[in-house]
Amino acid sequence: MPERVEERNQVSLNGVRFRTTGPVREDLESRFAPKTVTGDYNKDSHQQESVWAPTFHGGIGKFRVQPGEVSDRAWWSTLPLRYDRLGLPQLATMTAASGVAGSYTVGAIGELANEIYACFGTAVRKYNNTTNSWGSTLATLPAAATDTITFRMGNVVYLAFATTGGYTYTSDGITWVDDTKDALYLVYWDNLLWGIDSTGLLWWSSQIGSESDDAQLPLPNDSVTDLFTARNASDVVVIFAATQKGLFVHDNSNTKWLLTELELPFHPDNGRGSNRWRTGTYVPSGNAVYQYIQGSTNQQAIIRAVGPDLDDGLPSDKRGIIRQLVPTHNDLLAILDGTTAPGALTTFVTRGMGTHHGVVIDPDVGYSSILGWNERAWDVKWVGGSAEQAISWAHVSNAYSTYRLWWAQNQRVYFMPISRDIVNPLENTTLTFSAGTEEHITPWLDIGQDTDGLAVSVKIETFSCTSTETVTLDYGLNYGTGYTSFTGGTISTNGVTEFLFPNNTAPTGTAFRSIRFRIRTVRGSTTTLRATFYPPTFLYRKKLPPKYTFMLQIDLKKDGNTTVKQMRDSLRTALESNPRVEFSFRNDTGTDLGATDRRFYVEVVKATNLQETGLDETGISDLVLVEG
């Protein structure tokens, strides 16, 4: 405990009172060193403030960044992230109700002769692109559809729907035939129709309606999750089966299945909706996706996790299970069902590869969505308007001479145009845009535990704003779930808008440890209009927690019963102490020495002693004490 300091020109150091020659000089120690600038001035050249200017080309899934990190990600965004400026996504069209009564799921969407067919439960209906209607029921399937395929056999093009206990096919959309050969999934390869049933038995047909059994998967029943074609190690397109255990390749010469290097811990959601895209095969597992490139004789296979679960994953209400991967020109689309919890697990001996956290599915239900991966980043193409509505099927088609993505949710079919090439939407005046409120959320900027932050201002540059095409900016603090709005935070004019913290009237700044920004944008009734903006530029100040330096001069002379020699010994003990020592030069009136007293824990960083010679021990000691 430090001694009580009651007199002028007295201090307590390491529990010993000393006389001083005068007052103690106190100086702020916790200051950053001046910045140095090499080359031209940039956003970090300001001596007092720091600048955070996040970009977004790295896609979604980054929850937190720190100063100095590359910040090219968003935490979440429903805006297209491919281009420099952000704006509304393209408009999705909800088609008319099917007219089919009762509760059902849209089981599959297929096409024949440039027209779209959908299975509303067991009822097959055809879309009329002119009238936006689904017509009457053309066929009633024996069971709900599990897969669909359009293929050519001889001179005839067929559309077929698998129904677990068989498949139903047509060549004209008028006459439909039920085949009783068990079929869970269908694929066309080597001019043959191939199917696989729930037991994992593969079959083939050279003449529709006549099938021959082939290879049996060495797995329990109900283990197969998809059937598709992709390139093998010899760069030849062959049949693959996705299963709850991993990926199998068909050895046609020996009529058997071979387990590939992509072996996963046994799970009911492994492999659903697997597909090939560009140079790789892609296998979902929950909301994880594995890229698989099969190795040759002298090369190992390439297995790479590329799913939206990487880094910090998705917000809790946007997680789910990828039901289907759909290739397009520019993106591999992931159809993510935000309503589905894991299915029942089956015990089966498997060693499996070490998988990352994305394989464990969060049982929470939320919003279904369509995500796109461009081999570098994930962004959001569409999000369902309501939570707890499953998304069941997707299909890419040129039907009606328009390149579209079709999908089903909540007993309705939607479509949205997709691009055949990479064209900046700003250069296309015919596009139509979403009518809802879309949002872009930056990562949290966390300045760390060793500094305090002061938000000074934020700027955002907007374009094409009107009274109805607006941009709104607000912010969240310290990992809170809410947001604070700026006065006049909704922008309806073009140019650079600056907001001061906490407001433009009293720009005193806002203290923070972490901060993020949310930008929302809406349009009016004109579908071809939208506001756009560059990401915000945030100006803030970093401040170290206050720590002080004390400069004083000890007067070493006899004080009461304490000799100068004793005082020097006590002072040397304080100077040479490895632990910090207590220092005080106050005694608050009306209190005992305790928590309310102003005491500091210091290190002696400098001691200059002026000593007399001979037997005279008196002298002066100049000390510099630094608070820890």
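The number in this note's numbering is simply the position in the sequence shown, starting from 1, with 157 added.
All residues carry an ideal CB built from backbone N, CA and C; glycine is no exception.
Given the structure is predicted, the values throughout are model-derived calculations rather than measurements.
Whole-number beta carbon distance between residue j and residue i, since they are thought to touch under 8 Å
i: N409; j: V395; result: 7 Å
i: I676; j: V613; result: With 8 Å as the limit, I676 and V613 do not qualify as a contact, their Cβ atoms being about 19 Å apart.
i: A592; j: L248; result: 7 Å
i: P465; j: W535; result: 5 Å
i: P246; j: F590; result: 7 Å
i: N432; j: F385; result: 6 Å
i: L493; j: G477; result: 5 Å
i: Y326; j: D336; result: 7 Å
Beta-bridge pairing of residue i - partner residues as DSSP gives them
i: H552; result: W563
i: R675; result: I598 and D631
i: V537; result: L528
i: W291; result: Its beta-bridge partners do not exist; DSSP assigns none.
i: V227; result: None, per the DSSP bridge assignment.
i: V173; result: L170
i: V281; result: C276 and A296
i: Y315; result: F308
i: L490; result: V483 and G529
i: A190; result: Partner(s): none; A190 has no beta bridge.
i: E784; result: V759
i: T321; result: A340
i: R429; result: None; R429 has no bridge partner.
i: Q768; result: G776
i: Y439; result: N432 and Q448
i: K616; result: E655 and T694
i: Y636; result: Y636 pairs with nothing; no bridge assigned.
i: G593; result: Paired residue(s): none; G593 is not in a bridge.
i: D184; result: T706
Residue environment, residue i, which counts as buried when at least 16 other CB atoms sit within 10 Å
i: A340; result: buried
i: S369; result: exposed
i: L792; result: Nothing about residue 792 can be reported from this structure: the residues present for the chain run from 158 to 785 only.
i: V162; result: buried
i: A668; result: exposed
i: D392; result: exposed
i: G771; result: exposed
i: T303; result: buried
i: S558; result: exposed
i: G523; result: buried
i: H424; result: buried
i: A270; result: exposed
i: N735; result: exposed
i: F189; result: exposed
i: I331; result: exposed
i: N718; result: exposed
i: E584; result: exposed
i: N312; result: exposed
i: G403; result: buried
i: L482; result: buried
i: M724; result: buried
Helix, strand or coil at residue i according to DSSP, with G and I counted as helix
i: S727; result: helix
i: D339; result: coil
i: A501; result: The predicted model places A501 with a pLDDT of 43, which falls under 50 and marks its position as unreliable, so this point remains unresolved.
i: L732; result: helix
i: T584; result: The residue asked about is misnamed: residue 584 is Glu in this sequence, not Thr. The answer is helix: DSSP assigns E584 an H, G or I state.
i: V522; result: coil
i: Y557; result: helix
i: K699; result: strand
i: K722; result: helix
i: K475; result: helix
i: E655; result: strand
i: I353; result: strand
i: T178; result: coil
i: Q710; result: strand
i: I331; result: coil
i: D466; result: coil
i: P692; result: coil
i: P664; result: coil
i: K704; result: coil
i: R577; result: coil
i: V162; result: coil
i: I604; result: coil
i: E545; result: coil
i: S367; result: strand
i: D716; result: strand
Going along the chain, which unbroken runs of the beta strand (DSSP E) with 3 or more residues stay wholly within the stretch 370-419? 381-388, 394-400 and 403-408
Unbroken stretches of the beta strand (DSSP E), 3 residues or longer, contained in the stretch 208-274: Entirely contained in the stretch 208-274, the beta strand (DSSP E) runs reaching 3 residues are, in chain order, 263-269.
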